[in-house]
Structure formats: structure tokens, C-alpha cells
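Trainee:
Residue numbers (the numbering used here): 161 to 351.
Dropping the structure here:
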């Protein structure tokens with residue numbers, strides 16, 4: 161090998177590594193952070209005061225954030241808000257977790273023999289999902305030239321009532337300081 165080809169190989173591998181690291185940063189779950197429109201990281205928490213001791217709290221996750229994480233962050237924010245306002249416990253008056261699903265169909269890269277138009281048929285293979293078949297290229301039965309994927313995003317919302325004193329024996333009541341202590345290790349702060 162010549163020094164020119166070694167240099168090109170090194171440059172290409174460095175470029176590939178840089179692209180991989182750059183894309184990896186885009187595929188991380190939403191950290192525990194305030195929801196800011198136009199932020200580099202999608203999602204976060206928000207809260208709105210409804211009455212003196214009643215708030216609407218929500219947490220929105222990105223496509224990499226699990227439902228369990230979104231719900232834990234909602235509880236953590238409710239507890240954090242309760243303590244910050246000088247209360248001891250909170251009650252969930254209403255709680256909902258919504259799943260938003262989008263299905264994407266990725267076509268193969270580049271034009272076919274007739275540009276971006278040509279005869280093609282779609283079929284469903286049991287255990288294999290949707291496939292497409294073109295008569296002039298590809299395997300007629302096991303073609304993998306189309307990728308269909310579904311992406312889920314979760315948003316949890318709750319109305320909470322802030323209270324002082326000792327927490328009652330109620331399944332909807334949460335001791336704010338205990339919630340903060342128990343969930344602290346699960347909460348990932350932004351870097």
C-alpha cells in the first residue's frame with residue numbers, strides 16, 4: 161500500500177467514527193429537564209398552576225424514552241414542585257399517559273432502472289412483514305428493499321393537589337420527600 165492510500169483509509173475511518181459519534185448523541189433518551197421549544201434535546205417537564213394548591217404537571221419523552229421513565233419523571237417533578245412550594249405531600253387528582261405512534265416507510269436509496277418510477281408490488285410475508293417486489297431486480301420472494309418501522313413517544317400528564325401535614329392512607333397520595341429519595345437514582349440530569 162502506498163502512503164496516499166493509507167492516508168485516505170485513515171481519513172475515511174476517522175470520518176466514519178466522527179459521524180457515528182455525532183449520530184449517537186442524537187439517539188439518547190430525554191434527560192430530566194424543563195421542556196423548552198427549539199431545544200437541542202426533545203422533551204422535558206412542564207407545569208402550570210391551576211389554583212393555589214393545584215397544578216397540572218407533564219413530562220414529554222422522545223422516541224428513545226420508555227414509558228416507565230416518562231412516568232417516573234412525572235412523579236419526580238410532582239414531588240419536586242410540592243417541596244419547592246412548601247408542601248409535604250401531593251395527591252394525583254387525574255393522571256394519564258398518552259402514546260403517540262408514527263410509522264415510517266424507508267425506501268431503498270437511489271433511483272431504479274426507470275428513475276423513481278417502475279412496476280412494483282407489495283406483499284405481506286407471515287413472520288417477515290411487508291415486502292416489495294420489482295420484476296427486474298431483487299429476489300422475488302425475500303426482497304428486503306423496504307423498511308417499515310413504528311416509533312413510539314410517550315407523554316404523561318397529571319393534575320396534582322399539594323397538601324401539608326401527614327400523608328393519608330390513600331393510593332393517590334404520595335409523600336414528596338420519599339418520592340424524591342426513591343427516584344433520585346433513576347433521574348438522569350442533562351449534561
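By construction, the Cβ of each residue, glycine as well, lies at the ideal position given by its N, Cα and C atoms.
Relative to the C-alpha of residue 260, which residue among 221, 241, 248 and 286 is closest?
Mentor: Within the chain shown, residue 260 is the residue found at index 100, counting from 1. With distances taken between Cα atoms, residue 260 lies closest to 221.
Trainee: Which residue's Cα is closest to the Cα of residue 258: 312, 195, 189 and 337?
Mentor: Stepping through the chain shown from its first residue, residue 258 is reached at position 98. Closest option to residue 258, Cα to Cα, is 312.
Trainee: Helix or strand or just coil, what does DSSP make of residue 208?
Mentor: In the chain shown, the residue the question calls residue 208 occupies position 48. Residue 208: strand per DSSP, three-state reduction.
Trainee: Only counting the same chain, and skipping five residues up and downstream in sequence, which positions put a Cβ closer than 7 Å to that of residue 343?
Mentor: What you label residue 343 is simply residue 183 of the chain shown in a count that begins at 1. Within the same chain, 232, 235 and 236 come within 7 Å of residue 343 by CB-CB distance, once the 5 residues on both sides are set aside.
Trainee: Give the straight-line distance between the Cα atoms of residue 287 and residue 265, rounded to the nearest whole angstrom.
Mentor: Numbered from 1 along the chain shown, position 127 holds the residue referred to as residue 287. Numbered from 1 along the chain shown, position 105 holds the residue referred to as residue 265. When rounded, the distance between both Cα atoms is 18 Å.
Trainee: Where does residue 308 fall in DSSP's three states?
Mentor: Here residue 308 refers to the residue found at position 148 when the chain shown is read from its first residue. In this structure, residue 308 counts as strand in the three-state DSSP scheme.
Trainee: Given this structure, state the Cα-to-Cα distance separating residue 240 from residue 263, to the nearest angstrom.
Mentor: Stepping through the chain shown from its first residue, residue 240 is reached at position 80. Stepping through the chain shown from its first residue, residue 263 is reached at position 103. Spanning the two alpha carbons is a distance of roughly 35 Å.
Trainee: Provide the residue span of the beta strand (DSSP E) that contains residue 251, from first to last.
Mentor: To locate residue 251, count along the chain shown from 1; it is residue 91. Segment 249-266, the beta strand (DSSP E) holding residue 251.
Trainee: Nearest to residue 315 by CA position, among 248, 255 and 246, is which residue?
Mentor: Stepping through the chain shown from its first residue, residue 315 is reached at position 155. Taking only the C-alpha atoms, the option nearest residue 315 is 255.
Trainee: Taking the C-alpha atoms as reference points, what is the distance between residue 249 and residue 224?
Mentor: Counting from 1 along the chain shown, the entry for residue 249 is found at position 89. Counting from 1 along the chain shown, the entry for residue 224 is found at position 64. So the alpha carbons of these two residues sit roughly 31 Å apart.
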